[in-house]
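Asker: Sharing a structure below in structure tokens format, with a few things to ask.
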Amino acid sequence: GSGGGGDRSSALAGPPVLENSVQKIDVNPPKGTRDFPPEEMRLRNWLFHNFREVSRLTGFEEVDYPVLESEALFIRKAGEEIRDQLYCFEDRGNRRVALRPELTPSLARLVIQKGKSLSLPLKWFAIGQCWRYERMTRGRRREHYQWNMDIIGVPEVTAEAELISSIVTFFKKIGISASDVGFKVNSRKVLQEILRSYSISENLFAKVCVIIDKIEKIPIDEIKKELKSVGMPQEAVNELLEVLSVKSLSELEEILGGAGEAIAELKQLFSLAEKFGYSEWIQFDASVVRGLAYYTGIVFEGFDRAGKLRAICGGGRYDRLLSTFGGDDLPACGFGFGDAVIIELLKEKGILPELVPQIENIVCALDHDLQGAAATVATMLREKGQSVDLVLESKPLKWVFKRAARINAQRLILVGNTEWKKGMVSVKILSSGEQSEIKLDELE
Ligand SMILES: OCc1cccc(Br)n1
58 GSGGGGDRSS ALAGPPVLEN SVQKIDVNPP KGTRDFPPEE MRLRNWLFHN
108 FREVSRLTGF EEVDYPVLES EALFIRKAGE EIRDQLYCFE DRGNRRVALR
158 PELTPSLARL VIQKGKSLSL PLKWFAIGQC WRYERMTRGR RREHYQWNMD
208 IIGVPEVTAE AELISSIVTF FKKIGISASD VGFKVNSRKV LQEILRSYSI
258 SENLFAKVCV IIDKIEKIPI DEIKKELKSV GMPQEAVNEL LEVLSVKSLS
308 ELEEILGGAG EAIAELKQLF SLAEKFGYSE WIQFDASVVR GLAYYTGIVF
358 EGFDRAGKLR AICGGGRYDR LLSTFGGDDL PACGFGFGDA VIIELLKEKG
408 ILPELVPQIE NIVCALDHDL QGAAATVATM LREKGQSVDL VLESKPLKWV
458 FKRAARINAQ RLILVGNTEW KKGMVSVKIL SSGEQSEIKL DELE
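Here you go:
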């Protein structure tokens, strides 16, 4: 029969089949999500280890938040793509919840929750899985892991300068140079000054930024239409689009005049870049605004100079985010760095790291009645901090050698009768083939 242990005639049948066994389930992960079998998990751990090492070097502390948040944290009315794709639902308590599409709102929530007990500046980093529900028309991913670093409590652009320095350190650490990747840097205060000069109200600011962010994704006429539809007068649209094509800070200064904060901050950032030693990594680009509604000042994005990939990372200042959640505002800036584009870049450059399983010992008994002895040897080595793959099933030696090679074991330890009687085991260094007999208590 199909299950239920029913008509098994022989007593030697296997364990009873579960009642009502189901049809074969789909063994693939849900659409847009990934499994991480060992080889992929080694690459992910390598990437995250480098994220953590750079964060440590810069004096950042690791934090994390629930992947599930109140939907309210992400409801912004600026027309962002991230909003359209919110992975949200009503839970069994009728609460509106969402899988986080980004980490910054959770950071803001925690900072408000902790309030005055926090000593500023805060330098926090996190590596968290973020989600979006995108119609699979484009077959794109629905989850990725993002490394975030944020500085809370520093009003000057020294914070942005240090964040960019951290990302440069990361790129160099994994073999990416300034000829592979650069950062486009701008300030949203340029746009703010233009809107003010036309006395356009501040609440258009976020919407206009989100529209401008699409400037390379949709036709310019569509951009103009959307800008007018949110209430920008024609002449403001014209000046804004003209400013976005400005190619240098000095050219921008001619248009805006030297008085505004935008120019001053950008100049300070570029001079700090000089001192940090990453000038050749960054360039001013008036067309970069990033797509998140809450940025208020400097914004930046890492791009591949070959122009084949989407933005590698991005970030900026968000001085007004906390007050949108009812908290007291604090100066804040940070970035997000996804785990997908960077791997595509390393593949493009042919510098993906070769990662193999690391195990020091494979231990096995030469005959079945030494199984216990093999377990004793394995335990002793593990207590000394040595990794051991213990083979307790009776296997032919050929099989053991094959497994040793596949798991990249450094040593093969054989427990055999003659040696064991002398309190010894046979040790074979697999790289050199050198074999010796070692007393148990001298094994390390
Ligand atoms: O960067 C946008 C984004 C957010 C959540 C999940 C994925 Br995949 N991508």
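First residue of the sequence shown: 58, per this note's numbering; consecutive thereafter.
Note that CB positions come from ideal geometry on N, CA and C, so glycine has one too.
Quick caveat, the model's predicted, so the values are computed rather than measured.
1. Can you list, in chain order, the residues of its chain with a C-beta nearer than 7 angstroms to that of G348? Leave out the 5 residues immediately preceding and following it.
2. Strictly by DSSP, which residues pair up with R374?
3. Look at N465 and V420 and say whether their C-beta atoms are less than 9 angstroms apart.
4. With a threshold of 8 angstroms (Cβ to nearest heavy atom), would G391 be considered close to ligand 1?
5. Extract the residue ranges of the alpha helix (DSSP H) inside the region 382 to 446, only unbroken runs of 4 or more that lie entirely within it.
6. What are the boundary residues of the beta strand (DSSP E) that includes W204?
7. Could you pull out every unbroken alpha helix (DSSP H) segment of at least 4 residues lying fully inside the region 260 to 294, listed in chain order?
8. Got a sec? Which residues, its chain only, sit under 8 angstroms from K441 by beta carbon, not counting five neighbours each side?
9. Taking the CB atoms as reference points, tell me whether D157 and C187 lie closer together than 9 angstroms.
10. Would you mind stating whether L220 and G391 have Cβ atoms separated by less than 9 angstroms?
11. With H, G and I counted as helix, E and B as strand and the rest as coil, what does DSSP make of V35?
12. Can you tell me whether G60 is buried or exposed? The criterion is at least 16 other CB atoms within 10 Å of its CB, across all chains shown.
13. List the residues that DSSP assigns as beta-bridge partners of G239.
14. By the three-class DSSP mapping on this structure, what secondary structure does G347 have?
15. Residues in the same chain with beta-carbon distance under 8 angstroms from V120, minus the five sequence neighbours each way, listed in chain order, please.
16. Ligand 1 and I139: does the residue's C-beta get closer than 8 angstroms to at least one heavy atom of that ligand?
17. Can we say the region 375 to 390 touches the region 194 to 211, given the rule of at least three CB pairs closer than 8 angstroms?
18. Can you tell me the Cα-Cα spacing of L261 and K246, whole angstroms?
19. From the DSSP secondary-structure annotation, give me the bridge partner or partners of A183.
20. For V448, which of helix, strand or coil comes out of DSSP?
21. Taking 9 angstroms as the CB-CB limit, is G442 close to chain C?
22. According to DSSP, simplified to helix, strand and coil, what is I464?
23. Does the pairing of the region 356 to 372 with the region 291 to 308 give three or more beta-carbon distances under 8 angstroms?
24. Please report the Cβ distance between A135 and A263, rounded to the nearest whole angstrom; I am assuming they are in contact, meaning their Cβ atoms lie under 8 angstroms.
25. So the candidates are V84, I277 and F228; which of them puts its Cα closest to the Cα of E110?
26. If you run the structure through DSSP and keep just helix, strand and coil, what is L469?
27. Within a Cβ cutoff of 7 angstroms, which residues of the same chain sit near F117, ignoring the five residues on either side of it in sequence?
28. Closer than 8 angstroms to a non-hydrogen atom of ligand 1 - does that hold for the CB of G395?
29. For ligand 1, any of its heavy atoms closer than 8 angstroms to the Cβ of Q203?
30. According to DSSP, is S380 helix, strand or coil?
31. Go ahead and pull the three-state DSSP assignment for G61.
32. Is it a yes or a no for the region 276 to 288 touching the region 307 to 320, going by three-plus beta-carbon pairs under 8 angstroms?
33. Distance, Cα to Cα, E358 vs F240?
34. Is the Cβ-Cβ distance between K373 and T353 less than 9 angstroms?
35. Quick check on DSSP: helix, strand or coil for L156?
36. For the putative contact between V242 and Q340, defined by C-beta atoms under 8 angstroms, what is the C-beta separation to the nearest angstrom?
Answerer: Checking against the coordinates, here is how it stands:
1. E137, E138, V267 and D270
2. For R374, which the question treats as bridged, DSSP gives the partners C390.
3. No, the Cβ-Cβ distance between N465 and V420 is not below 9 angstroms.
4. no
5. Fully contained in the region 382 to 446 are the following alpha helix (DSSP H) runs of length 4 or more, in chain order: 398 to 406 and 428 to 440.
6. E200 to I209
7. Fully enclosed alpha helix (DSSP H) runs of 4 or longer: 262 to 269 and 277 to 286.
8. E501
9. The sequence shown places Arg at residue 157, rather than the Asp named in the question. Yes; because the gap between Cβ atoms is below 9 angstroms, this pair is in contact.
10. yes
11. This structure does not reach residue 35, given that the chain is present from 58 up to 501, and the question cannot be answered.
12. For G60, the pLDDT reaches just 41, beneath the cut-off of 50, and the residue's location in the model is therefore unreliable, although a value from the coordinates is still provided. Looking at its Cβ environment, which holds fewer than 16 other Cβ atoms inside 10 Å, G60 is exposed.
13. F360
14. Strictly speaking, residue 347 in this sequence is Arg, with Gly absent from that position. Correct three-state label for R347: coil.
15. L164, L167, W181, F182 and A183
16. yes
17. Result yes; three or more Cβ-Cβ pairs closer than 8 angstroms.
18. 13 angstroms
19. N205
20. strand
21. Here chain C cannot be found, since the structure has a single protein chain.
22. coil
23. The region 356 to 372, when compared against the region 291 to 308, does not touch it at the 8 angstroms Cβ threshold.
24. Contact flag correct, Cβ pair sits at about 4 angstroms.
25. F228
26. strand
27. K180, W181, F182 and M206
28. yes
29. Within the cutoff, so yes.
30. helix
31. Its pLDDT being 42, under 50, G61 is placed unreliably in this model, and the value from its coordinates should be taken loosely. The DSSP-derived three-state label of G61 is coil.
32. Two segments are said to touch when three or more pairs of C-beta atoms, one from each, lie closer than 8 angstroms; by this definition the region 276 to 288 does not touch the region 307 to 320.
33. Their Cα atoms are separated by approximately 5 angstroms.
34. Note that residue 373 is Gly in the sequence shown, not Lys. Yes; because the gap between Cβ atoms is below 9 angstroms, this pair is in contact.
35. Residue state, collapsed to three classes: strand.
36. 7 angstroms
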